[in-house]
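Asks: The letter at position 167 of the sequence shown is residue 1044 when you use my numbering, and the numbering goes up by one with no holes.
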Amino acid sequence: MNANHYDLWNICRTFFCAGRDASHGLAHMETVTRQAVLIFMMNHGATESAEFIARNLSRVIVVAMLHDVNDHKYDDEVGTLAKKVKTFLESIASKLVIVDGEAEGCATEAGVVETVMQCTDAISYSKEVKRGMRWFEKTLPSAAWVVVRDSVSDSDKLEAIGYSGLLRCYEFATHLLKGKGKWEAALQEHGIDNIGKALLYPHVVEHSDEKLLRLKDHFVNTVAGKHLALPLHEEMVVGLKQWEMNGPPALSAVGIHA
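Written as structure tokens, this is what we have:
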């Protein structure tokens, strides 16, 4: 990575959703970005030109840092967060414009904004399920952008699995209850010591069956991603069995506060 990459990463750090729960907040974006850079370099660092690496590392960083900002679980019906992402991209687009970049959607600042928005949209698991596997290959302007997408998507999927992935899911279940205005009533009914087992754990089991246990074999695409996913998947399977036998951890033990 060169100075421009670090500068771009730092600029992206200034743009995130304050108050977002940790499962989809700045810490998640940072982890996905670090891991996406690793995956990209593992897959392409020894085989591609310095120009290819430099150009696409910038794209990986931006897409990874922004991929969850306007996630459908947080945006409203009029796309307020999506509009904020677009405005931010307009402020940094000049850093991604390339000479003779028509074929890669990057000849103009407007092209950069549109292409990055398309790429962040393509990270979504639910959209791939809905639109069909690899749907984005027909919409992204070049194979290089598919490489960027796969590097970030694999990283995002790795964040979802492993024991830490179970804890993220456990935490997100509290966010869902709070978002629906049901948290206080649930606390009164079950108590802080039992709410995890009564309400949060069933959500984790359901989400694992529907999504998490499928990621390694069906939604992680690159050689490096698959290599990194294997031990995390096994760790997640063991964790689910432990929770089934012994119950999930206490909320306070994993940093979840009432």
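Yeah, the Cβ is synthetic: ideal placement off N, Cα and C, and Gly gets one too.
Note that the coordinates shown come from a computational prediction; the quantities given were computed from them, not determined experimentally.
Grab me the residues of Ala913's own chain with a C-beta within less than 6 Å of its C-beta, minus the 5 sequence neighbours each way, in chain order.
Replies: Val937, Ala941, Ser1028, Val1029 and Ser1032
Asks: If you follow the alpha helix (DSSP H) that Trp886 is in, where does it begin and where does it stop?
Replies: Note, Trp886: alpha helix (DSSP H), Ala880 to Arg890.
Asks: If you scan the stretch 1030-1088 from start to end, which runs of the alpha helix (DSSP H) of 4 or more residues do you find wholly inside it?
Replies: 1039-1056, 1060-1067 and 1078-1084
Asks: Determine the contact status of Cys983 and Val990, defining contact as a CB-CB distance below 8 Å.
Replies: By the CB criterion at 8 Å, Cys983 and Val990 fall outside the cutoff.
Asks: Under 8 Å between the Cβ atoms of Thr1051 and Leu1089?
Replies: no
Asks: Could you give the first and the last residue of the continuous alpha helix (DSSP H) run that contains Ser968?
Replies: Thr957 to Ile969
Asks: Give the straight-line distance between the Cα atoms of Lys1093 and Ala1101, rounded to the nearest whole angstrom.
Replies: 12 Å
Asks: Please classify Pro1108: is it buried, with 16 or more other beta-carbons within 10 angstroms of its beta-carbon, or exposed?
Replies: exposed
Asks: Between Trp1012 and Thr992, is the Cβ-Cβ spacing less than 8 Å?
Replies: no
Asks: Tell me whether Pro1108 sits in a helix, a strand or coil according to DSSP, three-state version.
Replies: helix
Asks: Should the stretch 1037-1048 be regarded as contacting the stretch 1115-1122, the criterion being three or more beta carbon pairs within less than 8 Å?
Replies: Enough Cβ pairs lie closer than 8 Å, so yes.
Asks: Compute the Euclidean distance between the alpha carbons of Leu1128 and Ala904, then round it to the nearest angstrom.
Replies: Counting only the Cα atoms, Ala904 lies some 20 Å from Leu1128.
Asks: Compare the Cα-Cα distances from Val946 to each of Glu979, Cys889 and Val976 and report the closest residue.
Replies: Cys889
Asks: Which of the three DSSP states, helix, strand or coil, is assigned to Leu1017?
Replies: In this structure, Leu1017 counts as coil in the three-state DSSP scheme.
Asks: Do you know how far the Cα of Ala1062 is from the Cα of Val1024?
Replies: 46 Å
Asks: Rounded to whole angstroms, how far is the Cβ of Val909 from the Cβ of His882, which I believe are closer than 8 Å?
Replies: That pair is no contact at about 16 Å.
Asks: Could you give the residue range of the alpha helix (DSSP H) that holds Leu915?
Replies: Leu903 to His921
Asks: Quick check: Leu1105 and Leu1044, are their CB atoms within less than 8 Å of each other?
Replies: One thing to note: Leu1105 has its Cβ no nearer than 8 Å to the Cβ of Leu1044.
Asks: In terms of residues, what are the limits of the alpha helix (DSSP H) holding Lys972?
Replies: Note, Lys972: premise wrong, no alpha helix (DSSP H); not H, not E.
Asks: Are the beta-carbon atoms of Ala999 and Glu986 separated by less than 8 Å?
Replies: no
Asks: Specify the secondary structure class of Val1097 as computed by DSSP and reduced to three states.
Replies: coil
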